[in-house]
Amino acid sequence: MRTDDLVTMLATAAGAVQPNQAARRYATAVGWGALGAALLMATLLGVRHDLAAAVLLPMFWVKLAFVASLAAASLFAALRLSRPGLRLAWVPGALTAPVLAIWLLAAVVLTRADAAQRAGLFFGDTWNSCPFLIAMLSAPVFVAVVWAIKGLAPTRLRLAGAAGGLLAGTVGALVYCLHCPELEAPFIGFWYLLGMLIPTAVGALLGPRLLRW
Amino acid sequence: MQRIEEEGRGSAREERLRDLLVRGLAGDAPAYHAFLKELSAHLRAFLRKRLVRLPDEVEDLVQESVLAVHNQRHTYDTDQPLTAWVHAIAKYKLVDLLRRRASRDLLTDPLDDELDVLSFADTEAADARRDLRKLLEQLPDRQRLPIVHMKLEGLSVAETAQLTGMSESAVKVGVHRGLKALAAMIRGSA
Chain C
173 MRTDDLVTML
183 ATAAGAVQPN
193 QAARRYATAV
203 GWGALGAALL
213 MATLLGVRHD
223 LAAAVLLPMF
233 WVKLAFVASL
243 AAASLFAALR
253 LSRPGLRLAW
263 VPGALTAPVL
273 AIWLLAAVVL
283 TRADAAQRAG
293 LFFGDTWNSC
303 PFLIAMLSAP
313 VFVAVVWAIK
323 GLAPTRLRLA
333 GAAGGLLAGT
343 VGALVYCLHC
353 PELEAPFIGF
363 WYLLGMLIPT
373 AVGALLGPRL
383 LRW
Chain V
525 MQRIEEEGRG
535 SAREERLRDL
545 LVRGLAGDAP
555 AYHAFLKELS
565 AHLRAFLRKR
575 LVRLPDEVED
585 LVQESVLAVH
595 NQRHTYDTDQ
605 PLTAWVHAIA
615 KYKLVDLLRR
625 RASRDLLTDP
635 LDDELDVLSF
645 ADTEAADARR
655 DLRKLLEQLP
665 DRQRLPIVHM
675 KLEGLSVAET
685 AQLTGMSESA
695 VKVGVHRGLK
705 ALAAMIRGSA
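Sequence order for the protein chains is C and V. Read in order, the letters of the first sequence are residues 173 to 385 in the working numbering. Read in order, the letters of the second sequence are residues 525 to 714 in the working numbering.
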């Protein structure tokens, strides 16, 4: 088939294309993924029983804001990396700002605390399960986000996989906030971040194979 | 001075092409046809420059890239420079081709030098070596028939549905999935 014939074939009855398909796909993926994560959390872990009291504490909202701003930044990163030729521009800055902010807060908390308390502030009661539970809750989001990226056309597959993985990790962590009893900045700045970075690493690792087109 | 003029021409061409694509995405078929036709010429020049040592691959890759642009046209953000979008797609397909060849050439290395000499023929480079029509014939009926009737014979969705006994939405899905499957077959076969 000559190229001109191919062009004619493709243009014939091509029809109109729905606008904003990337945004729609991500809305669907994050919606279903978050629902899956919430169901997993509710059935396997349970909502923290003192949630009504916890929402009155400022640190509950600081934690939520930290995770939510990372989620928003990784959504922008994934949206851009799943289409050809879009630059990341300000997105790396938006990804690092919340991390630096929580680390700064953690440093302040740790320096002001007694030496004997510092280990408790860092390890909390659940350090050995927190990262893995966040990673587990992110699994349904991960699957949905990979579906969203696959329907678009990423050209930097490893980066796109990492961004999708981070988005899954942050949404998983947001849901985990409803279960998790920890509220100290040193804990959140390390163990939450570690939990969110597990699916990020998985995405970077599998991206080139999962997202090829 | 000359460079400024060239850049001016370049951005005017980018504007016109972008306008054709945007109209095409809104359903203007003649505009979309003009866009793809002009784009294929740009892609040919772009890829020929980057495949100097593989001239016989150029037209195949032009076709593969045109098909990719069509299949992925829903990923174009209308605020985005068209050049950046097109080049990202073409570069992706180029790298994909070179990677495929690199793994294949490991198996056929002894012949490679001679092949390189023989392949220097400009007239042959104008023809695609891979016949997409043959690949089309390998698609399952539910994808092949909608493509043949609608895209090659120019029948409407309703006529195609009547002729094949498929529903209208199945016809549309068949075209869409068939062209994606065609791109996947190219990737697998080359």
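Heads up, the beta-carbon is just placed ideally off N, CA and C, and yes, glycines get one too.
CB contact below 9 Å: residue i versus chain V
i: C/M181; result: yes
i: C/L378; result: no
i: C/Q193; result: yes
i: C/T184; result: yes
i: C/A245; result: no
i: C/W385; result: yes
i: C/L324; result: yes
Residues that residue i contacts on chain V, provided the C-beta gap is smaller than 8 Å
i: C/G336; result: Chain V residues near C/G336: none, gap ~15 Å exceeds 8 Å.
i: C/T268; result: Under the 8 Å cutoff, chain V gives no residues; its nearest Cβ is about 25 Å from C/T268.
i: C/G333; result: Going along chain V, no residue has its Cβ under 8 Å from C/G333, so there is no contact; the nearest lies around 15 Å.
i: C/V318; result: Neighbours of C/V318 on chain V: none; closest Cβ ~16 Å, over 8 Å.
i: C/T327; result: A612, I613, K615 and Y616
i: C/A188; result: L549, A550 and G551
Option nearest residue i by Cα separation, candidates the options
i: V/V699; options: C/T175, C/M181 and C/M173; result: C/M181
i: V/L571; options: V/Q596, V/S693, V/A614 and V/R537; result: V/A614
i: V/V593; options: V/L669, V/V610, V/L656 and V/E562; result: V/V610
i: V/P579; options: V/E539, V/E562 and V/L622; result: V/L622
i: C/Y348; options: C/L365, C/A291, C/S246 and C/R196; result: C/L365
i: C/L229; options: C/E354, C/F359 and C/W363; result: C/E354
i: C/L383; options: C/L212, C/W233, C/L329 and C/G344; result: C/L329
i: C/L253; options: C/G336, C/A206 and C/A311; result: C/G336
i: V/K704; options: V/S680, V/F559 and V/L656; result: V/L656
Cutoff 9 Å: residue i Cβ touching any chain C Cβ
i: V/L622; result: no
i: V/T602; result: yes
i: V/H598; result: yes
i: V/D543; result: no
i: V/K573; result: no
i: V/V681; result: yes
i: V/M674; result: yes
i: V/A685; result: no
i: V/V590; result: yes
i: V/I710; result: no
i: V/D655; result: yes
i: V/S564; result: yes
i: V/A721; result: Outside the displayed span of chain V (525 to 714) sits residue 721 of chain V, for which this structure offers no information.
Within chain C, the residues that residue i reaches when beta carbons sit closer than 9 Å
i: V/H611; result: P256 and G257
i: V/G698; result: In chain order: nothing, as chain C lies at least about 12 Å away.
i: V/A652; result: M173, R174, T175 and L178
Interface partners of residue i on chain C, CB under 8 Å
i: V/V586; result: T175
i: V/E583; result: T175
Near the ligand GDP: residue i beta-carbon under 8 Å from a heavy atom
i: C/R255; result: This structure lacks the ligand GDP, and indeed carries no ligand of any kind.
#### Entry: Secondary structure, alpha helix (DSSP H): runs of 4+ residues fully inside the stretch 188–262 of chain C
The DSSP assignment places complete alpha helix (DSSP H) segments of no fewer than 4 residues inside the stretch 188–262 of chain C at 193–212, 223–226 and 230–253, in order along the chain.
### Every unbroken alpha helix (DSSP H) within the stretch 297–331 of chain C, with a cutoff of 4 residues, ordered by chain
Counting only runs of at least 4 residues, the stretch 297–331 of chain C fully encloses the following alpha helix (DSSP H) elements, listed from N- to C-terminal order: 302–322.
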